[in-house]
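Shown next, in structure tokens, is the structure this report addresses.
Protein chains: 2
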Amino acid sequence: MSTETKNERELKAVIGVHDAAPGTEVPDVAPLAFGGNRRSAAEEARTIVANATHGTLGSLSEDGTPWASLVTFGVMDDGSPVFCLSTLAEHARNLEGDRRASLMVSDPFHAGEILAGGRVTLAGAVKRSDEHPDEESARAAHLEAVPSAAMYADFNDFSFWILEVDRVRWVGGYGRMDSASAEDYREAEADPVQPQVPDAISHLNADHPDALLLMAKAFTRYEDATAAKCTMADRYGLDLQLDTPAGEKAARVSFTDRVDKPGGLRAATVDLARRSRQKLGA
Amino acid sequence: MSTETKNERELKAVIGVHDAAPGTEVPDVAPLAFGGNRRSAAEEARTIVANATHGTLGSLSEDGTPWASLVTFGVMDDGSPVFCLSTLAEHARNLEGDRRASLMVSDPFHAGEILAGGRVTLAGAVKRSDEHPDEESARAAHLEAVPSAAMYADFNDFSFWILEVDRVRWVGGYGRMDSASAEDYREAEADPVQPQVPDAISHLNADHPDALLLMAKAFTRYEDATAAKCTMADRYGLDLQLDTPAGEKAARVSFTDRVDKPGGLRAATVDLARRSRQKLGA
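Taken in order, these protein sequences are the chains called G and R. Each residue of the first sequence is one higher than the one before, counting from 697 in the working numbering. Each residue of the second sequence is one higher than the one before, counting from 697 in the working numbering.
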């Protein structure tokens, strides 16, 4: 699955320093390596792209300069982004001249320091919708994500453009990064719980720190943890940050089953807390 | 100053349709043409860039594909963005291979529909800081904008990169767009009042609709306006949206003098209201 190079692993080690707050011990477990099921790079990429409706297009100017410009997009079932551009706009003229393109999308749920947030670059070649076998789906995908495009999509100078992805590069924040194959990307599913994650994390940390600590004691190697905070959640489990006698540690706890419904995060977390109490006899 | 083409003027006319809310009359005055002093495209670009600390870099992959990726940046006195990149990261390797690059930056103060917001693309060629005559200023500019870069800037694999801008393309929202020459961009000044604008607009609309209406009656051709709302503000004046017997109209009112201090927007607006009352004998 992972196609990271030795250099990238080194970079993770170097940049991992940032993961610790000033004055805390650096976690001795790399963020991507603390165990349990988690989303693949392909799933991370699909999740970011499924929840965003704008990004930055990289296209080629007539003189070969890479041209970065704002675009809105929708997403087809196979993860291909679809743009709606006027031929009068520079980026559309660029695509007419050279079909190579990429799209950078930032995680729309991330708040705070930008480099700590997720983002993905999808690269490949575009097709104008009249060159694409499924013009109607492309159109529908764009209009679903960007309803206001209905006001101009039918103007003569506007076309839909589909980016057929052949390279995927995901960065999850400091020290979290990986590539995905085009095939893995096409077949991966966006995490349905993602829209609930920010509220779920706030709720867990505000109202259930005791349950999080029980999860850590029951299902991580830090049985001596004294406090736990949820730092990330997904359909497979929770990332925790723990206070332990040996300093601050990062850990992962997994749900019994993958969550398959948008609203299923709460039930999975309640189940994990229940199993923690059961295992600890608490 | 303007380098827009006939096509772009046509696009403005077409896209101008969006400026009106559903059910309202389309303003008969194009947003860029409703008179009074306003910021040039170069000033708009410098203002966006001065207030943002991240954007999307366009670089060239080894195979020539344009590669869009997230970057943080600072800005030198001449408007050149400065990045701090690891040679282990793909975009830095791209810049090593081909110095052509661009940077897309969105207006960090814009909220709401993304295509209605400002953004700018700066294109040119990068220099690694050891190739730049003012390495120290480049470093200082980046660290001022991105203080957390101090944690990794001195690692061996990180370098500062300066984008020497030779093309500037600003889009201010639907139907507002223009290019600026590299020289105009270098010499332009960021609008010092920009950080105050969102609060100023909220305050004016919430607490002073009567003063806005007086401004419209005194200083626009809509003496018969019945309501006024501020839609934009800058160091030169205010953009107003007016209810008139002939429908919804856009108009511009200018301050007596350009505001030169970050906190000067309030005094200039109070002065404009005072002159409106004076002129109308109200």
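Ideal Cβ placement from N, Cα and C applies to all residues, glycine included.
Are the C-beta of Ser776/G and some C-beta of chain R separated by less than 8 Å?
-> no
Name the two residues that bound the continuous alpha helix (DSSP H) containing Gly793/G.
-> Glu786 to Gly793
Hey, Val889/G and Val949/G: beta-carbon distance below 8 Å or not?
-> no
Limits of the beta strand (DSSP E) - the one that Ser937/G falls within = One point to set straight first is that residue 937/G is Gln, not Ser, in the sequence displayed. It spans Gly933 to Thr940 - the beta strand (DSSP E) in which Gln937/G sits, taken as one unbroken run.
For Leu791/G and chain R, any beta-carbon pair shorter than 8 Å?
-> no
Secondary structure of Thr817/G, DSSP reduced to three states | strand
Would you be able to state if there are at least three C-beta pairs under 8 Å between the segment 830-848 of chain R and the segment 784-804 of chain R?
-> no
Residues that Gly754/G contacts on chain R, provided the C-beta gap is smaller than 7 Å = Gly754, Pro762, Trp763 and Ala764
Within 8 Å, strictly: CB atoms of Lys921/G and Leu961/G | Note that residue 921/G corresponds to Ala in the displayed sequence, not to Lys. Their beta carbons are not under 8 Å apart, which means Ala921/G does not touch Leu961/G by this criterion.
Residue burial classification, Ser698/R (beta-carbon count within 10 angstroms, cutoff 16) = Residue placement at Ser698/R cannot be trusted, given a pLDDT of 40 that sits under 50; what the coordinates show is reported in the next sentence. Exposed.
With distances taken from CA atoms, which of Val893/R, Asn852/R, Ser776/R and Gly760/R is nearest Ala819/R?
-> Ser776/R
Within its chain, find whatever has a CB closer than 7 Å to the CB of Ala837/R; leave out the 5 residues flanking it on each side and keep chain order.
-> Gly770, Val771, Met772 and Val778
State the Cα-Cα distance for the pair Ala717/R and Asn852/R, rounded to the nearest angstrom.
-> Here Ala717/R scores only 33 on pLDDT, less than 50, and its place in the model is too uncertain to base an answer on.
Burial state of Lys708/G, where buried means 16 or more other Cβ atoms lie within 10 Å = Caution is warranted here: a pLDDT of 43 is assigned to Lys708/G, below 50, making its placement in the model unreliable, and no coordinate value can be reported.
Leu756/R, buried or exposed, once every other Cβ within 10 Å from all chains shown has been counted against 16 | buried
For Ala907/R, which residues of its own chain have a beta-carbon under 6 Å away from its beta-carbon, when the five flanking residues on both sides are left out?
-> Ala969
With 8 Å as the threshold, decide whether the Cβ of Ile744/G is near any Cβ in chain R.
-> no
For a contact meaning CB atoms closer than 8 Å, what does Ala884/G contact in chain R?
-> Result: empty, since nearest Cβ-Cβ is about 21 Å, beyond 8 Å.
Going by Cα to Cα distance, which pick from Met800/G, Arg735/G, Glu786/G and Cys780/G is closest to His750/R?
-> Met800/G
Report the residue from Asp967/G, Lys823/G, His899/G and Thr783/G whose alpha carbon sits nearest the alpha carbon of Ser798/G.
-> Lys823/G
Secondary structure at Glu944/R, three-state DSSP: helix, strand or coil?
-> strand
Return no unless some Cβ of chain G is closer than 8 Å to the Cβ of Leu811/R.
-> yes
At what residue ranges does the segment 854-908 of chain G contain a whole run of the alpha helix (DSSP H), taking only runs of 4 or more?
-> 878-883 and 893-903
Lys823/R by DSSP, collapsed to three states: which one?
-> strand
Under 8 Å between C-beta atoms, does Met800/G make it to chain R?
-> yes
Contacting residues, own chain, Cβ-Cβ under 7 Å from Gly868/R (five flanking each side not counted) | Glu740 and Gly814
Helix, strand or coil at Arg796/R [DSSP, three-state] | strand
Out of curiosity, what's the CA-to-CA distance linking Arg973/R and Val893/R?
-> 23 Å
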